[in-house]
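Line by line, the protein sequences are chains C and W.
Numbered according to our numbering, the first sequence spans residues 1 to 116.
Numbered according to our numbering, the second sequence spans residues 1001 to 1113.
Have a look at the structure below, then the notes.
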Amino acid sequence: DTAVSQTPKYLVTQMGNDKSIKCEQNLGHDTMYWYKQDSKKFLKIMFSYNNKELIINETVPNRFSPKSPDKAHLNLHINSLELGDSAVYFCASSQASVIGDYNEQFFGPGTRLTVL
Amino acid sequence: AQSVTQPDIHITVSEGASLELRCNYSYGATPYLFWYVQSPGQGLQLLLKYFSGDTLVQGIKGFEAEFKRSQSSFNLRKPSVHWSDAAEYFCAVAPVTGNQFYFGTGTSLTVIP
């Protein structure tokens, strides 16, 4: 059973297009995340949702819009794709954190986005 | 500002040799500490984590890490490396409050026969 799944695994598209990446978790977690991993393997958080509400929104262009239809899904929509958006995007989930009781994050397999 | 440093970008070891991957953090208080492994083309898998208590933490696949408060370090070790350990290793920290991770830049491990 896949705990955190992402589709598609690979995405190749032209500059200027709009694309979406889907993420689903079957762990019953309350919190979901999107990370971007650049060509140098640097991982940076983009967004975090808790029970469908945005709780972390790092400095990300507003071309990126996360959407959480329910707490098991967090999709990432990207408008007007640019060359610099090429990266691997990872979805993750965790139980809602309680002070003094941190819960680990479980990662999906990643989506490799290539913008031509 | 919080930061995580992995000073070694790439390490090569022989199969059967011991391994130590370095991780230093800069944070106002002792954060929660993690090591993740990323195999080629795969997502991240948690190896081990430190929240409190015993400073020597055991993880999966024979890995362990030691938290040293005085050095702000959380180095990952394995006594005998296997070829299947070749991967990218990430150290991460998280504040005691909240649920945001900060990852290091990763250390790429190559294992030679």
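Glycine included, each C-beta is placed from N, C-alpha and C at the ideal position.
Here the structure is a predicted model, which means the values were calculated and not measured.
Is it true that the CB of residue j sits closer than 8 Å to the CB of residue i?
{"i": "methionine 32 of chain C", "j": "glutamate 82 of chain C", "result": "no"}
{"i": "leucine 27 of chain C", "j": "phenylalanine 106 of chain C", "result": "yes"}
{"i": "phenylalanine 1118 of chain W", "j": "alanine 1092 of chain W", "result": "Because chain W here runs from 1001 to 1113, residue 1118 of chain W falls outside it and cannot be looked at."}
{"i": "proline 1031 of chain W", "j": "valine 1096 of chain W", "result": "yes"}
{"i": "glutamine 1045 of chain W", "j": "valine 1057 of chain W", "result": "no"}
{"i": "phenylalanine 1063 of chain W", "j": "lysine 1078 of chain W", "result": "yes"}
{"i": "glutamine 6 of chain C", "j": "proline 69 of chain C", "result": "no"}
{"i": "asparagine 57 of chain C", "j": "cysteine 23 of chain C", "result": "no"}
If I measure Cβ to Cβ from residue i and keep anything under 8 Å in the same chain, skipping five residues before and after, which residues do I get?
{"i": "leucine 11 of chain C", "result": "Lys19, Ile21, Thr111, Arg112, Leu113 and Thr114"}
{"i": "isoleucine 1011 of chain W", "result": "Leu1019, Leu1021, Thr1107, Ser1108, Leu1109 and Thr1110"}
Going by beta carbon distance, what residues of the same chain come within less than 7 Å of residue i, once the five residues before and after it are set aside?
{"i": "arginine 63 of chain C", "result": "Ile78, Asn79 and Ser80"}
{"i": "proline 8 of chain C", "result": "Thr111"}
{"i": "alanine 1086 of chain W", "result": "Leu1109, Thr1110 and Val1111"}
Please check the pair residue i and residue j, which I expect to be a contact at CB under 8 Å, by giving their CB distance rounded to whole angstroms.
{"i": "lysine 41 of chain C", "j": "glutamate 1088 of chain W", "result": "6 Å"}
Closer than 6 Å by C-beta to residue i: which residues in its own chain qualify, once you throw out the five before and the five after it? Chain order, please.
{"i": "serine 1003 of chain W", "result": "Ser1026"}
{"i": "phenylalanine 1051 of chain W", "result": "Tyr1032"}
{"i": "phenylalanine 1074 of chain W", "result": "Cys1023, Leu1033, Ala1065 and Phe1067"}
{"i": "isoleucine 99 of chain C", "result": "Residue confidence is low: isoleucine 99 of chain C scores 44 on pLDDT, short of 50, so the model does not pin down where it sits. Its coordinate-derived value is still stated next. Once the five neighbours on either side are set aside, isoleucine 99 of chain C has no close Cβ partner at all."}
{"i": "asparagine 17 of chain C", "result": "Leu81"}
{"i": "histidine 29 of chain C", "result": "Ser93, Ser94 and Gln95"}
Helix, strand or coil for residue i, going by three-state DSSP, please let me know.
{"i": "serine 68 of chain C", "result": "strand"}
{"i": "isoleucine 1060 of chain W", "result": "helix"}
{"i": "asparagine 81 of chain C", "result": "Reading off the sequence shown, one finds leucine at residue 81 of chain C, where the question assumed asparagine. DSSP places leucine 81 of chain C in coil when its eight states are reduced to three."}
{"i": "glutamine 1038 of chain W", "result": "strand"}
{"i": "serine 1108 of chain W", "result": "strand"}
{"i": "glutamine 1045 of chain W", "result": "strand"}
{"i": "glutamine 25 of chain C", "result": "strand"}
{"i": "isoleucine 99 of chain C", "result": "Interpretation of isoleucine 99 of chain C is limited by its pLDDT of 44, a score under 50 that renders its predicted location unreliable; no figure is taken from the coordinates."}
Using Cβ-Cβ distances below 8 Å, what residues of the segment 1048-1059 of chain W are close to chain C? With the criterion set as a beta carbon lying under 8 Å from some beta carbon of chain C, the members of the segment 1048-1059 of chain W are Lys1049 and Phe1051, in sequence order.
Give, in chain order, every residue of the segment 13-29 of chain C whose Cβ lies closer than 7 Å to some Cβ of chain W. Residues passing the 7 Å Cβ filter: none.
Just by C-beta distance, which residues in the segment 31-56 of chain C are closer than 9 Å to chain W? Answer set for the segment 31-56 of chain C: Thr31, Tyr33, Tyr35, Gln37, Lys40, Lys41, Phe42, Leu43, Lys44, Ile45, Ser48, Asn50, Ile55 and Ile56.
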